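S.K.: Before I ask anything, here is the structure I am working with.
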Amino acid sequence: MKYEWMDQALCAQVDPDLWFPGGAGSGSHKAKKVCEVCPVSAECGGYADLLEGDGSNGRRHGMWGGRSAQQRTKPRPRDAARDAAIVRLTDRGISPAEIAERLDISDRTVARVIAAHREQEVA
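Shown next as structure tokens:
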């Protein structure tokens, strides 16, 4: 499945082998540098997380959203708590801009979490 945000991904403009480094740390720093300036890195990372967590063995290898497969599998309780807060505030009718301000996070993070939550509800 292709999403609209994928057309904006900077990874499509560089060598594909950059996203699948051969060993620990071999080239991943170059991929992370591209991800740092990519306008859709949050969507990309959220997409990989969504596929990995859907139970259908949709594991994504390589770099996605600036994180390796190993980094994406590490538990991130801070993010889980933040994401739950975003969903709760959204359910209360609070605007994404206000949520971002209240939680001191970017609008993109709020949008990514809301989109991922909606996709999970549909699935």
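Position in the sequence shown counted from 1, then plus 1366, gives you the numbering used here.
Glycine is no exception: its CB is placed at the ideal position from the N, C-alpha and C atoms.
Computed from a prediction, not measured in an experiment: that's the story for all the values here.
#1: Taking DSSP as the reference, what is the three-state secondary structure of R1458?
#2: Looking at A1397: is its Cβ nearer than 8 Å to the Cβ of L1384?
#3: Compare the Cα-Cα distances from V1403 to each of E1485, D1381 and G1431 and report the closest residue.
#4: What does the alpha-carbon distance come out to for the pair V1406 and R1438?
#5: Quick check on the burial criterion: 16 or more other C-beta atoms within 10 angstroms. Buried or exposed for R1454?
#6: Between which two residues does the alpha helix (DSSP H) holding Q1436 run?
#7: Within a Cβ cutoff of 8 Å, which residues of the same chain sit near I1480, ignoring the five residues on either side of it in sequence?
#8: Using the Cβ count rule (16 or more neighbours within 10 Å means buried), how would you classify V1476?
#9: Return the chain-ordered list of same chain residues with a C-beta closer than 7 Å to the C-beta of R1433, the five sequence neighbours on each side being excluded.
M.R.: Walking through what the data contain:
#1: Within the sequence shown, residue 1458 is the residue found at index 92, counting from 1. Of the three classes helix, strand and coil, the one that applies to R1458 here is coil, per DSSP.
#2: Position 31 of the sequence shown, counted from the start, is the residue given in the question as residue 1397. Position 18 of the sequence shown, counted from the start, is the residue given in the question as residue 1384. In contact: A1397 and L1384 (Cβ atoms closer than 8 Å).
#3: Taking the first residue of the sequence shown as 1, we reach residue 1403 at position 37. It is G1431 whose Cα lies nearest to the Cα of V1403.
#4: In the sequence shown, residue 1406 corresponds to position 40, counting from 1. In the sequence shown, residue 1438 corresponds to position 72, counting from 1. Looking at the two C-alpha atoms, the distance is approximately 17 Å.
#5: Taking the sequence shown and counting its residues from 1, one reaches residue 1454 at position 88. Label assigned to R1454: exposed.
#6: Counted from its first residue, the sequence shown places residue 1436 at position 70. A1435 to T1439 is the span of the alpha helix (DSSP H), which, as asked, contains Q1436.
#7: Taking the sequence shown and counting its residues from 1, the one referred to as residue 1480 is at position 114. Excluding residues within five positions, the ones whose Cβ falls inside 8 Å are I1452, V1453, T1456 and P1462.
#8: The sequence position of residue 1476 within the sequence shown is 110, counting from 1. V1476 is buried by the Cβ-count criterion.
#9: Start at 1 with the first residue of the sequence shown, and residue 1433 comes out as number 67. The residues are G1411.
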